[in-house]
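Numbering (our numbering), first residue to last: 807 to 1246.
These notes concern the structure reproduced below.
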Ligand SMILES: NC(=O)c1ccc[n+]([C@@H]2O[C@H](COP(=O)([O-])OP(=O)(O)OC[C@H]3O[C@@H](n4cnc5c(N)ncnc54)[C@H](O)[C@@H]3O)[C@@H](O)[C@H]2O)c1
């Protein structure tokens, strides 16, 4: 019987005897030697953060010791779910600063909207915790820079939630491409077409729901009135909190397009079209249509985003096609197909016929990789440097589209755009008091 099964069985048995769950907690602590325990806490519990927490809890010896959310209803719902499913009783907090004073937390999962990622990562590192931070790593270029420097300074493990790096399909694709099986890679086409990117129907502002600390939700973002269409889940379509469909999916898919050639630097040049072309106005500021070209030294990446539709090339709403001289390899998260090139006859002899299906997401593998990085010193699959490069590949075109520049040139050494002062004004966010951009 493995440890987790043993714990669960013990918990069920003691529960049946009417022994309070707090005793279950104590006995569980005695069973697991402290050296093998990993105590995690979650900030931002509603959706993805909670999913990531559950992947942690499926690993033997991992405990949830704290939950933090600004919304009372989410906090109590998730706390009772943890107690029911895992027989654990995390402490609950509405203010993450109080939570970070809790000494027994080893690692923090950041599952809030993007505009909080930088502050929460840096504060967690300062408090001596490892961090699993969701993607996009941050909402601006400068916040990404700060997070890389802070992670290096505190020497803790920071894993960015670009879980495709831990996924079988993408790892297999990299192996096929890097061993030359599709010939010379010349072009990558990536796309994401999803309805949700158009935002919600237009609605008037509403009073702040009971139990919600909206000022803490806004955090460093500008003060404003409440609207559900900008709140839970819907914040993605507003620049103060996210980068739209472009950044939501772009960091995942562009990351793979870069991995194929092990590119570890931000784009030097982007060519950008961004507009709102959907037939009706909705609650959003971000663009529903974007086309971006990234010229690289010996290949080119095309990135295409259309919100308000769900169809795409190869009958996939999102995906990647890597075009080589000998074959095109097409993939999404659950499948990979190689289409051999042809001239007089198909070049199957060189490419083989590869086809893989794997109907599962890779969050669990990415979380296990994070845990092994902490407990066994393994290299994490998506360190902050990788998260930053992917994030800059979406933030730079978003900046271009917002200021109406068709071409932006990024000078990474000097952390500035070479051809636009308007773009330079968008490198750093203006934090609302009392929050300040960490000095790193
Ligand atoms: N890796 C993936 O595949 C994937 C998928 C979905 C979302 N995400 C990322 O996960 C993050 C969260 O997205 P979501 O869909 O779960 O958003 P969500 O709006 O559903 O949930 C965010 C939660 O954070 C809470 N929150 C906000 N500010 C807080 C604060 N200061 N302190 C404590 N709690 C706070 C909110 O109340 C809410 O419960 C985003 O960065 C998103 O891009 C990643």
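Where a beta carbon is used, it is the ideal one built from N, C-alpha and C, also for glycine.
Would you report the Cα separation of residue 989 and residue 1130, rounded to the nearest angstrom? Here residue 989 is taken as the residue at index 183 of the chain shown, counted from 1. Here residue 1130 is taken as the residue at index 324 of the chain shown, counted from 1. If I take the Cα positions, the gap works out to 5 Å.
Just checking residue 912 against ligand 1 - is the residue's beta carbon closer than 7 Å to any of the ligand's heavy atoms? The residue you call residue 912 lines up with position 106 of the chain shown. No, the Cβ of residue 912 stays beyond 7 Å of every heavy atom of ligand 1.
Ligand 1 heavy atoms versus the CB of residue 852: any closer than 7 Å? Taking the chain shown and counting its residues from 1, the one referred to as residue 852 is at position 46. Because some heavy atom of ligand 1 lies under 7 Å away, the Cβ of residue 852 counts as near it: yes.
Here's the rule I'm using: 16 or more other beta-carbon atoms within 10 Å means buried, otherwise exposed. How should residue 1182 be labelled? Start at 1 with the first residue of the chain shown, and residue 1182 comes out as number 376. Exposed, since its Cβ has fewer than 16 Cβ neighbours within 10 Å.
Beta-carbon proximity list for residue 1233, same chain, < 6 Å, skipping 5 on both sides: Your numbering for residue 1233 matches position 427 in the chain shown. Shown here for residue 1233: same chain residues with a beta carbon closer than 6 Å to its own, the five before and five after excluded, namely 947 and 948 in chain order.
Is DSSP giving residue 1195 helix, strand or coil here? Position 389 of the chain shown, counted from the start, is the residue given in the question as residue 1195. Residue 1195 falls in the helix class under three-state DSSP.
Residue 827, DSSP secondary structure in three states: What you label residue 827 is simply residue 21 of the chain shown in a count that begins at 1. Caution is warranted here: a pLDDT of 28 is assigned to residue 827, below 50, making its placement in the model unreliable, and the coordinate value is therefore given only provisionally. Helix at residue 827.
Where residue 847 and residue 872 are concerned, what is the direct C-alpha to C-alpha distance, given to the nearest angstrom? Position 41 of the chain shown, counted from the start, is the residue given in the question as residue 847. Position 66 of the chain shown, counted from the start, is the residue given in the question as residue 872. Cα to Cα, residue 847 sits roughly 5 Å from residue 872.
Cβ-heavy atom distance between residue 1055 and ligand 1 below 7 Å? Within the chain shown, residue 1055 is the residue found at index 249, counting from 1. Incorrect: residue 1055 has no Cβ contact closer than 7 Å to ligand 1.
Distance CB(residue 952)-CB(residue 928) smaller than 8 Å: To locate residue 952, count along the chain shown from 1; it is residue 146. To locate residue 928, count along the chain shown from 1; it is residue 122. Inclusion of residue 952 and residue 928 in the CB contact set at 8 Å is warranted, their separation being smaller than that value.
How about residue 1188: is its Cβ closer than 7 Å to a heavy atom in ligand 1? Within the chain shown, the letter at position 382 stands for residue 1188. No, Cβ of residue 1188 sits at least 7 Å from all heavy atoms of ligand 1.
Alpha carbon to alpha carbon, how far is residue 1206 from residue 1226? Give it in angstroms, no decimals. Against the chain shown, residue 1226 aligns to sequence position 420. Against the chain shown, residue 1206 aligns to sequence position 400. If you take the alpha carbons of residue 1226 and residue 1206, they lie about 9 Å apart.
For the segment 1027–1041 against the segment 1060–1069, do three or more pairs of beta-carbon atoms, one drawn from each stretch, fall closer than 8 Å, so that the two count as touching? Note that the segment 1027–1041 does not touch the segment 1060–1069; fewer than 3 beta-carbon pairs, one per stretch, sit closer than 8 Å.
Between which two residues does the beta strand (DSSP E) containing residue 870 stretch? What you label residue 870 is simply residue 64 of the chain shown in a count that begins at 1. Note, residue 870: beta strand (DSSP E), 868–874.
Three Cβ pairs or more, each shorter than 8 Å: is that satisfied between the segment 934–947 and the segment 878–886? The segment 934–947, when compared against the segment 878–886, does not touch it at the 8 Å Cβ threshold.
By Cβ distance below 6 Å, which residues in the same chain neighbour residue 1224 in space, the five residues on each side in sequence not counted? Along the chain shown, read from residue 1 onward, the residue named residue 1224 stands at position 418. Within the same chain, residue 1224 has close Cβ partners 1215 and 1217.
Cβ atoms of residue 895 and residue 914: under 8 Å apart, would you say? Taking the first residue of the chain shown as position 1, residue 914 is located at position 108. Taking the first residue of the chain shown as position 1, residue 895 is located at position 89. Contact flag unset, no.
Comparing the CB of residue 1028 with every heavy atom of ligand 1, is any distance shorter than 7 Å? Locating residue 1028 in the chain shown gives position 222, counting from the first residue. No, since every heavy atom of ligand 1 falls outside the 7 Å radius drawn around the Cβ of residue 1028.
Assumed close pair residue 1201, residue 1049 - CB separation to whole angstroms, cut-off 8 Å: Start at 1 with the first residue of the chain shown, and residue 1201 comes out as number 395. Start at 1 with the first residue of the chain shown, and residue 1049 comes out as number 243. Residue 1201 to residue 1049, Cβ: 7 Å. Contact.
DSSP three-state call for residue 834: helix, strand or coil? Mapped onto the chain shown, residue 834 falls at position 28. With a pLDDT of 32 at residue 834, under the threshold of 50, the predicted position of this residue should be treated as unreliable, though the coordinate-derived value follows. Note: residue 834 maps to helix in three-state DSSP.
Do you know offhand how far residue 963's Cα is from residue 938's? In the chain shown, residue 963 corresponds to position 157, counting from 1. In the chain shown, residue 938 corresponds to position 132, counting from 1. Answer to the nearest angstrom: the Cα atoms are 8 Å apart.
Determine the closest residue to residue 996 out of 904, 1056, 1011 and 1221, with distance taken between C-alpha atoms. As a first step, residue 996 is located in the chain shown; it is residue number 190 there, counting from the start. For the residues 904, 1056, 1011 and 1221, the minimum Cα distance to residue 996 belongs to 1056.
Alpha-carbon to alpha-carbon, residue 1097 and residue 1302: With the chain covering 807 to 1246 only, the question about residue 1302 has no answer from this structure.
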